[in-house]
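For the sequence shown, this note's numbering assigns the number 223 to the initial residue and increments by one for each residue that follows. One structure below.
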Amino acid sequence: MVVLNKVLNGLMFRYKERVADVNKITEALIKNNVIKSQLDIENDHIAFRTMGVPQLGIASFEKIFLHYGYTAKDNYFFENKKVNARWYAPPKEDLPRIFISELIVDDFPKEIQDIIKSYTGEVEKDPVDSLDLDNAAEVDTFLHSALWRVPTWEHYQKLQAVSEYAAWVIYNRYYLNHYTISVHNLAKGYNTLNEFNAFVTSLGVNLSNAGGYIKQSKDGNLLQSATISEMREAIFFDGEKQLIPGSYVEFAERRVLPAYQHLPMNEIKKAHRREGFEAANADKIFESTFTSQTKRNKIE
């Protein structure tokens, strides 16, 4: 687990540098005596986006976490976004779940496919196969390195017009898309999503309203919210500088399943709460990086 912990720490270190909302929320929780440090926050899951081409995509990326003992679980298909996804259960209860998605590139018009493949084609074979997965530093470097050349602003705009997911990946690559605070394990007053959302918005952090501020599963036991992606300056291949969506923070409330609601709260474990994901929730969580949301961040 030492190597896995180092990889996860490397991801979070760079992610926190890119997403100011992480420290803003954490510092406010510490100030309000809800937690003592970032380590007191349970990370529900972390998510990655990939391009679904033969040498990349889920089939490539999942090898990293399967090597570390993660177990592949449910598959999801998002028809309107032309995206597949799968989640992975951790080898230890205190580790985050993994959620990996991929763009179904071949479902797009030929012009869009050609643009994407002009970049992904630079990766001629599965890059994970050449990694020493027991070398944390090597894996960490890989997850934060360019897989293909920097896109042009023209190509980015063309992709964004048909798939904001595609545009995000073509520039951001494997950067951590989001991490997720488990609110149900926080102190009273912060341990429901309604309360936590109120706390976050009081800090001046805007939440995505795609699908409503709270996305709730059909069984009512998984509730999710997310901040709006922070805009970051991107320098494109042609020297063009533009602000584009980066990463964001998610919040999840996993309620106790009906069969265990008789248990005292101090006996409630992870296994007693709602597990897995909900396609309808995830579909709207994706939109935290979409311009329909980031435009709101400028005016609210």
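Yeah, the Cβ is synthetic: ideal placement off N, Cα and C, and Gly gets one too.
Query: Rounded Cβ spacing between Thr-293 and Ile-280 (contact assumed at less than 8 Å); Result: Actually they do not touch by this definition, with Cβ atoms about 15 Å apart.
Query: Burial state of Ala-448, where buried means 16 or more other Cβ atoms lie within 10 Å; Result: buried
Query: Contact check, Tyr-412 vs Val-405, beta carbons under 8 Å; Result: yes
Query: Classification of Thr-363 by the beta-carbon crowding that lies within 10 angstroms, buried from 16 upward; Result: exposed
Query: The region 498-514 / the region 437-445 touching (three or more Cβ pairs under 8 Å); Result: yes
Query: Residue environment, Asn-503, which counts as buried when at least 16 other CB atoms sit within 10 Å; Result: buried
Query: Element boundaries [beta strand (DSSP E), containing Glu-475]; Result: 470-476
Query: DSSP three-state assignment for Gln-446, whether helix, strand or coil; Result: strand
Query: Contact check, Ile-268 vs Leu-398, beta carbons under 8 Å; Result: yes
Query: Supposed contact pair Thr-516 and Ile-450 - C-beta distance, whole angstroms, cut 8 Å; Result: 6 Å
Query: Cβ separation of Ala-307 and Phe-287, assumed to be a contact under 8 Å, to the nearest whole Å; Result: Ala-307 to Phe-287, Cβ: 14 Å. No contact.
Query: Cβ separation of Val-384 and Ile-334, assumed to be a contact under 8 Å, to the nearest whole Å; Result: 6 Å
Query: Distance CB(Lys-303)-CB(Tyr-387) smaller than 8 Å; Result: yes
Query: Proximity winner among Asn-245, Glu-472, Leu-317, Ile-263, relative to Leu-230 (alpha-carbon distances); Result: Leu-317
Query: Classification of Asn-394 by the beta-carbon crowding that lies within 10 angstroms, buried from 16 upward; Result: buried
Query: As assigned by DSSP and simplified to three states, the class of Trp-309; Result: strand
Query: Per-residue burial, Asn-254 [other beta carbons within 10 Å of its own, 16 or more giving buried]; Result: exposed
Query: DSSP state of Glu-455 mapped onto helix, strand, coil; Result: strand
Query: Glu-462 classed as buried or exposed, judged by whether at least 16 other C-beta atoms fall within 10 angstroms; Result: exposed
Query: Counted within 10 angstroms of its Cβ, other Cβ atoms place Phe-235 as buried (16 or more) or exposed; Result: exposed
Query: Opening and closing residue of the beta strand (DSSP E) in which Ala-242 lies; Result: Segment 242-253 is the alpha helix (DSSP H) holding Ala-242; no beta strand (DSSP E) there.
Query: Buried or exposed by the 16-neighbour rule on C-beta atoms within 10 Å, applied to Phe-418; Result: buried
Query: Test item: CB-CB of Thr-511 and Phe-459 under 8 Å; Result: no
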